[in-house]
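Colleague: 237 is the number that the numbering used here gives to position 8 of the sequence shown; each next residue is one higher, with no gaps.
Where a beta carbon is used, it is the ideal one built from N, C-alpha and C, also for glycine.
Quick one: the structure is below, questions incoming.
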Amino acid sequence: AEVRLGGDEHPVTLDPDQQDALKALHTAFTEVSAQASGTWIEEKPAGRVLHTRQADPEVAEAAVAAARQRLTGRRDVFLKNGKQVLEGSVVHATKGEGLAFLRQVTEADAVLFAGDDVTDEDGFVALEDGDVGIKVGDGETSAGFRVPSPEDIAEAMALLVRLRAELGAERTS
Numbered sequence: 230a231e232v233r234l235g236g237d238e239h240p241v242t243l244d245p246d247q248q249d250a251l252k253a254l255h256t257a258f259t260e261v262s263a264q265a266s267g268t269w270i271e272e273k274p275a276g277r278v279l280h281t282r283q284a285d286p287e288v289a290e291a292a293v294a295a296a297r298q299r300l301t302g303r304r305d306v307f308l309k310n311g312k313q314v315l316e317g318s319v320v321h322a323t324k325g326e327g328l329a330f331l332r333q334v335t336e337a338d339a340v341l342f343a344g345d346d347v348t349d350e351d352g353f354v355a356l357e358d359g360d361v362g363i364k365v366g367d368g369e370t371s372a373g374f375r376v377p378s379p380e381d382i383a384e385a386m387a388l389l390v391r392l393r394a395e396l397g398a399e400r401t402s
């Protein structure tokens, strides 16, 4: 779970047990990635992500299985399969919980949430009336809208800004 508001970074504070779990997660993912060509590790304050997008499918599948096996029995590491990634975290949080937090601290009257991964579904499910969820690419989704590629998100956002401006103008007329 990462929080960045107003341009300032607020790093996650991990207790000693979580720090130990993060070290174990890092070690497991790093050792697996070193043996699996085309994989790499993304570091996050409370987790790691094993990316397999550039690996051969068989290598990717074996890497995810090996990482899961190395962490079997750890109740302090939360693993979630994504779209060509394995996400690991030492803090149990969903993207839906993150959206709820951001809605509260920003006092947003509407939220736009876009994502291309199965791990984004928690965010889509957490959206409320008046919010916009956009799934990027193929796959089943709870999002209300879909675009084919990441490049199309900019166009969708521009349309949303225009529609909100028009709605605001109608309210003041």
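Measure the Cβ-Cβ separation of A372 and G359 and say whether it is below 7 Å.
Modeller: no
Colleague: Comparing C-alpha positions only, which one of G276, V334, D285, Q247 sits nearest to Q264?
Modeller: Looking only at G276, V334, D285, Q247, the smallest Cα-Cα distance to Q264 is reached by D285.
Colleague: Based on the DSSP secondary-structure assignment, which residues constitute the bridge partners of R304?
Modeller: According to DSSP, which records beta bridges pairwise, R304 is partnered with nothing at all.
Colleague: Among A355, P377, G325, V293, which one has its Cα closest to the Cα of G267?
Modeller: V293
Colleague: Starting from R277, trace the beta strand (DSSP E) in both directions and tell me its first and last residue.
Modeller: 276 to 280
Colleague: In the DSSP output, which residue or residues are listed as bridge partners for L341?
Modeller: V361
Colleague: With respect to 6 Å, is the separation between the Cβ of R375 and the closest non-hydrogen atom of the ligand ATP below this value?
Modeller: The model depicted lacks the ligand ATP and carries no ligand whatsoever.
Colleague: Taking 8 Å as the threshold, find out whether the segment 294 to 310 comes into contact with the segment 336 to 346 through three or more Cβ pairs.
Modeller: no
Colleague: Taking only the alpha-carbon atoms, compute the straight-line gap between F307 and K252 and give it to the nearest angstrom.
Modeller: 14 Å
Colleague: What are the boundary residues of the beta strand (DSSP E) that V314 is part of?
Modeller: 314 to 318
Colleague: Bridge partners for R375 per DSSP, in chain order?
Modeller: K364
Colleague: Per DSSP, K309 is paired with what?
Modeller: E316
Colleague: So K312 packs on D346, CB below 8 Å; how close in whole Å?
Modeller: That pair is a contact at about 4 Å.
Colleague: Just to confirm my understanding: we take I382, look at its own chain, exclude 5 residues before and 5 after, and list those with CB closer than 8 Å. What are they?
Modeller: A343, I363, V365, V376
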